[in-house]
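Notes follow the structure.
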Amino acid sequence: MNHYEQYIGQILDGRYRINALLGVGGMAAVLVAKDLKTNRNVAIKMLKEDYANFKQAVLRFINEGKAVAMLDHENIVKIYDVVVTDKEKYLVMKYIEGETLRSYMDRMGPLPFEKAVDILAQILTALDHAHRKGIVHRDIKPQNVMILKSGKVILTDFGIAQIAGGNTVIDDKAIGTVYYISPEQASGEPIDARSDLYSLGAMAFEMLTGKLPFYADSAVSVALMQINSQAPSPREYLPTIPVGMEQIILFAMAKSPKERFQSAGQMLLYLNTLKADPFAEFAVSPKEQYRNALEEERKAGEARKKAEAEAKETEKPKQNVKTVRGDSWSPMPVILGVLTSFFIVLMVAGYYFVENIFLKSELNVFADNSGENVKVENFVGKPFGKTEKEYVLNDLRYKEVIIKDEDQKSYNATVPKGSVTRQEPAAGKTYKLSNLTLTVYISKGAGEEQENLFPDYTMQDYRIVRSELSSKFKVQTVPVTTATATENKIVRQEPEAGSRITEGMIVILYYSIGPEAEKVIYNFPDFSGMTELEVKYYVETHELNLVEIRYEYSEDVASGRVISSSVSAGPQPKLTPISIVFSLGVDPEKILPVEN
102 MNHYEQYIGQ ILDGRYRINA LLGVGGMAAV LVAKDLKTNR NVAIKMLKED YANFKQAVLR
162 FINEGKAVAM LDHENIVKIY DVVVTDKEKY LVMKYIEGET LRSYMDRMGP LPFEKAVDIL
222 AQILTALDHA HRKGIVHRDI KPQNVMILKS GKVILTDFGI AQIAGGNTVI DDKAIGTVYY
282 ISPEQASGEP IDARSDLYSL GAMAFEMLTG KLPFYADSAV SVALMQINSQ APSPREYLPT
342 IPVGMEQIIL FAMAKSPKER FQSAGQMLLY LNTLKADPFA EFAVSPKEQY RNALEEERKA
402 GEARKKAEAE AKETEKPKQN VKTVRGDSWS PMPVILGVLT SFFIVLMVAG YYFVENIFLK
462 SELNVFADNS GENVKVENFV GKPFGKTEKE YVLNDLRYKE VIIKDEDQKS YNATVPKGSV
522 TRQEPAAGKT YKLSNLTLTV YISKGAGEEQ ENLFPDYTMQ DYRIVRSELS SKFKVQTVPV
582 TTATATENKI VRQEPEAGSR ITEGMIVILY YSIGPEAEKV IYNFPDFSGM TELEVKYYVE
642 THELNLVEIR YEYSEDVASG RVISSSVSAG PQPKLTPISI VFSLGVDPEK ILPVEN
């Protein structure tokens with residue numbers, strides 16, 4: 102049993118009921134949970150115990166929550182909560198059903214031009230939003246991009262993001278994945294938004310060619326290539342890539358930030374031009390285009406100043422015209438009148454701001470909300486028990502909460518057992534907080550006859566269903582390949598929907614592992630001589646199936662390096678289990694004493 106599966110069925114912080122384990126990565130485990138307060142599914146990204154006391158790892162979690170809280174964009178993952186306690190440290194995020202771009206690329210191979218452009222354009226709109234808010238992602242890679250079934254792209258993992266204008270809690274030298282980092286990031290120099298564009302260019306190279314722009318046996322070697330070597334031509338790997346697309350990639354991957362696109366918006370402009378005309382070629386580099394734009398803006402500014410100066414000259418009274426004055430006139434009464442009106446308006450606006458924006462705001466911790474009018478929430482159809490009751494009371498919206506069971510004879514075929522069938526007062530009505538008592542009536546379910554029939558779970562996530570059924574039945578899961586079904590969705594079940602439930606029944610859930618997933622071929626490297634850190638890093642970034650690590654003494658292989666691997670270098674099915682043996686160095690018992 103995986104260590105994190107023990108959380109299934111538990112309620113974190115009195116609010117998040119864990120339903121399934123989605124996966125375990127290098128630093129965190131991801132679980133799917135039900136938010137009992139909002140009744141929505143959420144993803145819980147929990148810091149692994151190995152890193153729970155590692156200051157930089159904890160700060161990375163805090164940094165991710167801080168960065169994403171500043172952003173609001175449809176192509177950026179939403180984080181609802183950051184919880185850091187002595188016992189657990191986790192982020193609560195929007196639950197996204199999809200797959201990583203890494204997984205998608207491994208499954209599809211080099212992407213068609215149109216698909217790659219669509220994905221890149223969505224990432225650029227997300228980066229443009231983040232950069233305008235002063236946030237640099239610093240870890241753009243396929244593993245941090247989610248592809249939804251609808252085709253929408255979501256940018257995730259802002260753990261090492263750099264936040265402008267604030268105290269970035271992650272060391273400025275923190276780097277992302279070596280295959281995609283910019284030269285300045287690899288060398289530890291200060292970076293800006295143009296670093297993300299370099300990483301996106303490297304990722305675009307891989308999306309279209311199926312190859313990394315730089316690859317070597319060690320991470321250090323790759324980093325040196327990022328710093329010193331010019332990016333290769335994508336068209337050398339795949340001549341069908343449009344010339345304009347190659348130009349965009351090489352512009353983005355220029356060694357000097359000054360030679361790259363100067364903003365995500367500028368790169369998106371080039372990409373949209375190519376999208377409209379795949380045969381387009383760019384005669385002007387981003388640097389030249391940027392300079393031209395600045396020059397045009399400068400000329401426009403000078404023209405405006407000249408026009409304003411001429412207008413003022415025209416308005417001046419002619420010196421040789423004799424003016425006839427009547428009684429002495431002073432402008433002071435008019436000026437005083439205007440100033441008085443201005444201050445009156447300012448005072449009214451200030452009163453409105455303080456009264457409506459601050460005093461009545463949730464931000465005002467001194468506000469007395471006891472007499473505030475609020476609309477009653479809708480609890481009908483939602484689960485409601487002791488935990489929910491505590492939350493409602495802690496929310497300070499209600500004076501009292503009463504839970505009542507529906508009449509034993511009044512079964513409800515549409516509202517699940519344990520959920521609210523009706524409430525008093527009804528949702529939407531307005532009451533004073535201090536006077537409000539909430540009464541909810543709980544459903545008995547569909548009745549004994551309906552409850553004895555097995556439900557239909559097809560096309561639901563097998564991990565969630567397994568956790569729900571494991572307390573009642575012995576549940577077995579069987580992975581199968583399918584041509585169309587989404588990964589992890591149940592395609593068949595035993596017993597079938599509508600079958601009568603019997604005591605001791607065994608439930609078998611057949612779930613999809615994608616289209617011919619076991620046939621995806623991957624070109625494995627030679628792990629020989631790699632350090633343990635290098636192996637784990639490679640396996641994590643390429644989502645390989647490492648199942649075992651062992652340690653043995655060796656007289657030939659240095660301590661900490663790979664002695665042998667269960668997979669040999671070359672093409673093999675990607676899901677092949679990997680077993681690695683690392684050296685402990687020479688056996689101390691075999692070291693002969695040195696004679697004087």
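321 is the number that the numbering used here gives to position 220 of the sequence shown; each next residue is one higher, with no gaps. Even glycine gets a Cβ: it sits at the ideal position worked out from N, Cα and C.
Is it buried or exposed, residue i, if we count other Cβ atoms within 10 angstroms and call 16 or more buried?
{"i": "V321", "result": "exposed"}
{"i": "T278", "result": "buried"}
{"i": "G345", "result": "buried"}
{"i": "Y280", "result": "buried"}
{"i": "H232", "result": "buried"}
{"i": "Y108", "result": "buried"}
{"i": "M560", "result": "exposed"}
{"i": "A528", "result": "exposed"}
{"i": "G302", "result": "buried"}
{"i": "E307", "result": "buried"}
{"i": "T257", "result": "buried"}
{"i": "L634", "result": "exposed"}
{"i": "V133", "result": "buried"}
{"i": "T538", "result": "exposed"}
Under DSSP, the beta strand (DSSP E) around residue i begins and ends at which residues?
{"i": "K146", "result": "141-148"}
{"i": "P672", "result": "671-674"}
{"i": "S666", "result": "663-666"}
{"i": "V185", "result": "180-185"}
{"i": "D207", "result": "Per DSSP, D207 belongs to no beta strand (DSSP E); it is in the alpha helix (DSSP H), 202-209."}
{"i": "Q594", "result": "591-595"}
{"i": "E649", "result": "647-653"}
I'd like to know if residue i contacts chain C, where contact means its C-beta is closer than 9 Å to some C-beta of that chain.
{"i": "D187", "result": "In the displayed structure, chain C is absent; only one protein chain is listed."}
Check whether the Cβ of residue i lies closer than 8 Å to any heavy atom of the ligand MG, and answer yes or no.
{"i": "P291", "result": "For the ligand MG, the structure offers nothing, since it holds no ligand at all."}
Out of curiosity, what's the CA-to-CA distance linking residue i and residue j?
{"i": "M631", "j": "V521", "result": "58 Å"}
{"i": "M606", "j": "E337", "result": "59 Å"}
{"i": "G210", "j": "A217", "result": "12 Å"}
{"i": "S666", "j": "L375", "result": "45 Å"}
{"i": "P284", "j": "A412", "result": "51 Å"}
{"i": "L369", "j": "L676", "result": "36 Å"}
{"i": "R208", "j": "H643", "result": "12 Å"}
{"i": "P484", "j": "T578", "result": "27 Å"}
{"i": "I180", "j": "T603", "result": "42 Å"}
{"i": "V502", "j": "E569", "result": "28 Å"}
{"i": "A659", "j": "Y611", "result": "45 Å"}
{"i": "I609", "j": "D557", "result": "13 Å"}
{"i": "G486", "j": "K190", "result": "26 Å"}
{"i": "E106", "j": "P517", "result": "26 Å"}
{"i": "I342", "j": "F214", "result": "7 Å"}
{"i": "K188", "j": "N164", "result": "19 Å"}
{"i": "P379", "j": "G110", "result": "52 Å"}
{"i": "R141", "j": "Y196", "result": "9 Å"}
{"i": "Q348", "j": "I177", "result": "27 Å"}
{"i": "V592", "j": "K234", "result": "44 Å"}
{"i": "E690", "j": "Y654", "result": "11 Å"}
Counting along the chain, where does the alpha helix (DSSP H) carrying residue i start and finish?
{"i": "N120", "result": "Note, N120: premise wrong, no alpha helix (DSSP H); beta strand (DSSP E) at 117-125."}
{"i": "T374", "result": "365-377"}
{"i": "M128", "result": "Careful: M128 lies outside any alpha helix (DSSP H) and carries neither H nor E."}
{"i": "G252", "result": "G252 -> no alpha helix (DSSP H), and no H or E assigned at all."}
{"i": "P580", "result": "It is not in any alpha helix (DSSP H) - P580 instead sits in the beta strand (DSSP E) that spans 575-581."}
{"i": "V687", "result": "No alpha helix (DSSP H) holds V687; DSSP gives it neither H nor E."}
{"i": "N329", "result": "320-329"}
{"i": "V218", "result": "214-233"}
{"i": "S300", "result": "294-310"}
{"i": "L570", "result": "563-570"}
{"i": "R336", "result": "335-338"}
{"i": "F259", "result": "Careful: F259 lies outside any alpha helix (DSSP H) and carries neither H nor E."}
{"i": "L351", "result": "344-353"}
{"i": "E106", "result": "That residue, E106, is in no alpha helix (DSSP H); it is neither H nor E in DSSP."}
Am I right that residue i and residue j are in contact with their C-beta atoms under 8 Å? What's the rounded C-beta distance?
{"i": "K590", "j": "S613", "result": "5 Å"}
{"i": "V254", "j": "I220", "result": "5 Å"}
{"i": "D293", "j": "V237", "result": "6 Å"}
{"i": "V663", "j": "F628", "result": "5 Å"}
{"i": "I328", "j": "S288", "result": "5 Å"}
{"i": "F162", "j": "L148", "result": "6 Å"}
### Message
Counting beta carbon pairs with one atom in the region 598-606 and one in the region 562-571, are three or more of them shorter than 8 Å?
### Response
Output reads no: the region 598-606 does not touch the region 562-571.
### the region 218-229 / the region 310-330 touching (three or more Cβ pairs under 8 Å)
The region 218-229, when compared against the region 310-330, does not touch it at the 8 Å Cβ threshold.
### Query
With a cut-off of 8 Å, do at least 3 Cβ pairs link the region 105-124 to the region 161-169?
Output reads no: the region 161-169 does not touch the region 105-124.
### Message
Any contact between the region 372-387 and the region 350-362? By contact I mean 3 or more CB pairs, one from each, below 8 Å.
### Response
Result yes; three or more Cβ-Cβ pairs closer than 8 Å.
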